[in-house]
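Asker: By the count of the numbering used here, the sequence shown reaches residue 301 at its end, each step adding exactly one.
One structure, pasted below without further comment.
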Amino acid sequence: MLIRRPDDIPSSEITPEGLYQNRRAFIGTAGTLALGALVAPANMGAAERQKDDITPEKDATTYNNFYEFGTSKEDPAENAKDFRATPWTVNVEGLVKNPRPYDINELLGRLTVYDRTYRMRCVEAWSMVIPWQGIQLRDIINRVEPLPSAKFVEFTTLFDPRRMPGQRSAVLPWPYKEALRMDEAMHPLTLFATGMYGKPLPNQNGAPLRLVVPWKYGFKGIKSIVKIRFTEAMPNTTWADANPREYGFYANVNPAVDHPRWSQAKERRIGEFLKRNTLPFNGYADQVASLYAGMDLRKFY
Ligand code: MTE
Numbered sequence: 001m002l003i004r005r006p007d008d009i010p011s012s013e014i015t016p017e018g019l020y021q022n023r024r025a026f027i028g029t030a031g032t033l034a035l036g037a038l039v040a041p042a043n044m045g046a047a048e049r050q051k052d053d054i055t056p057e058k059d060a061t062t063y064n065n066f067y068e069f070g071t072s073k074e075d076p077a078e079n080a081k082d083f084r085a086t087p088w089t090v091n092v093e094g095l096v097k098n099p100r101p102y103d104i105n106e107l108l109g110r111l112t113v114y115d116r117t118y119r120m121r122c123v124e125a126w127s128m129v130i131p132w133q134g135i136q137l138r139d140i141i142n143r144v145e146p147l148p149s150a151k152f153v154e155f156t157t158l159f160d161p162r163r164m165p166g167q168r169s170a171v172l173p174w175p176y177k178e179a180l181r182m183d184e185a186m187h188p189l190t191l192f193a194t195g196m197y198g199k200p201l202p203n204q205n206g207a208p209l210r211l212v213v214p215w216k217y218g219f220k221g222i223k224s225i226v227k228i229r230f231t232e233a234m235p236n237t238t239w240a241d242a243n244p245r246e247y248g249f250y251a252n253v254n255p256a257v258d259h260p261r262w263s264q265a266k267e268r269r270i271g272e273f274l275k276r277n278t279l280p281f282n283g284y285a286d287q288v289a290s291l292y293a294g295m296d297l298r299k300f301y
């Protein structure tokens, strides 16, 4: 299921397996030619015209946030080693034509798998560049047919404290939940990732299925999803529930709005020494800023 190559993906959109290490990332072009936008548009200042080398796979798979497997960065790789992500069922619920459980293969089967290398920015002010393989969430949404009244889509992580030892302590209100507005979920940049670096998604990165929204802080990227629910009202989300002053629903990367306890103006790219400037919408503004036209992004953070 991982890297299918249907005839309708131009070969220019497919990165051969094994070419990820040390390769320069053509972010926003490889796999997304239709979306345009090079890494550094010509009108960017020198400070913004930065290289985006792919983060070493070792860093992306050993420096993780996945509190279900512990709160230290190295915990998930260690504690998720024996997690089994097969078989896997995703419950599709709420305002949808036919709410029911889907086996993951049925939910994703025959949908196009894209290669997308994205900058990823954590709210803790570090970042990585990760070559994902995944399905556009909009293709999945179209498959399950939400009702016109659906305005939001909510995602829930597996709750199973026997398999996810971090859930035995109350560091977060379990299960982990996240949500998107429908137009955000339907945006072609938004993926359900099933792989990275040309391999199936490692457990610590959210196997078998996790959300990837490159213009938002990493905590929106909910891992190991077992439920998709369509709603009319804005759903609660885990981090905003746990600490509403510090984490909002939108979580768009915004260097102009600091976290109450630290600045968001710069970031440390894992593997680099000097800090970089953080870009509005994580550098994807030309593709997504219009979703928020007229909104006060200080209020809707
Ligand atoms: N999803 C779940 N279920 N539990 C988590 O603790 N952490 C989030 C997000 N998804 C988290 C989660 C945070 S804070 C970040 S930065 C990203 O996962 C990290 O993803 P990565 O480990 O693949 O880099």
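Every residue, glycine too, gets a C-beta built ideally from N, C-alpha and C.
1. Once the 5 residues before and after ASP258 are set aside, which same chain residues still bring their CB inside 7 Å of it?
2. Helix, strand or coil, according to DSSP, for TRP239 in the structure here?
3. I want to check one thing, is the minimum distance from the CB of ILE222 to the heavy atoms of the ligand MTE below 7 Å?
4. Using the DSSP secondary-structure output, state which residues sit across from TRP262 in a beta bridge.
5. What's the gap between the Cα of LEU95 and the Cα of SER72?
6. Pick out whichever of PHE249, GLY198, PRO175 has its Cα sitting closest to the Cα of VAL113.
7. Could you check if THR157 belongs to the surroundings of the ligand MTE, using beta carbon to heavy atom distance under 7 Å?
8. Consult DSSP for GLU178 and reduce its assignment to one of helix, strand or coil.
9. Within its chain, find whatever has a CB closer than 7 Å to the CB of LEU172; leave out the 5 residues flanking it on each side and keep chain order.
10. By Cβ distance below 7 Å, which residues in the same chain neighbour PRO146 in space, the five residues on each side in sequence not counted?
11. VAL144 and LEU180: beta carbons closer than 8 Å?
12. Going by Cα to Cα distance, which pick from ALA60, ASN79, SER127 is closest to PHE273?
13. Quick one, which of ARG269, PRO260, GLY294, ASP286 has its alpha-carbon nearest ARG121's?
Answerer: Reading from the atomic positions:
1. Only GLN264 meet the Cβ criterion.
2. In the structure shown, TRP239 adopts helical secondary structure according to DSSP, grouped into three states.
3. For ILE222, the Cβ falls inside the 7 Å cut-off from some heavy atom of the ligand MTE.
4. Per DSSP, HIS259.
5. If you draw a straight line from the Cα of LEU95 to the Cα of SER72, it comes to about 37 Å.
6. Here the closest residue by C-alpha is GLY198.
7. It does: the Cβ of THR157 is within 7 Å (strictly closer) of some heavy atom of the ligand MTE.
8. Correct three-state label for GLU178: strand.
9. Same-chain partners within the cutoff: TYR67, THR238, ALA242.
10. Excluding sequence neighbours, PRO146 sits near LEU95, VAL96, PHE230.
11. VAL144 places its beta carbon 8 Å or farther from that of LEU180.
12. Nearest of ALA60, ASN79, SER127 to PHE273, Cα basis: SER127.
13. Ranked by Cα distance from ARG121, the first of ARG269, PRO260, GLY294, ASP286 is ARG269.
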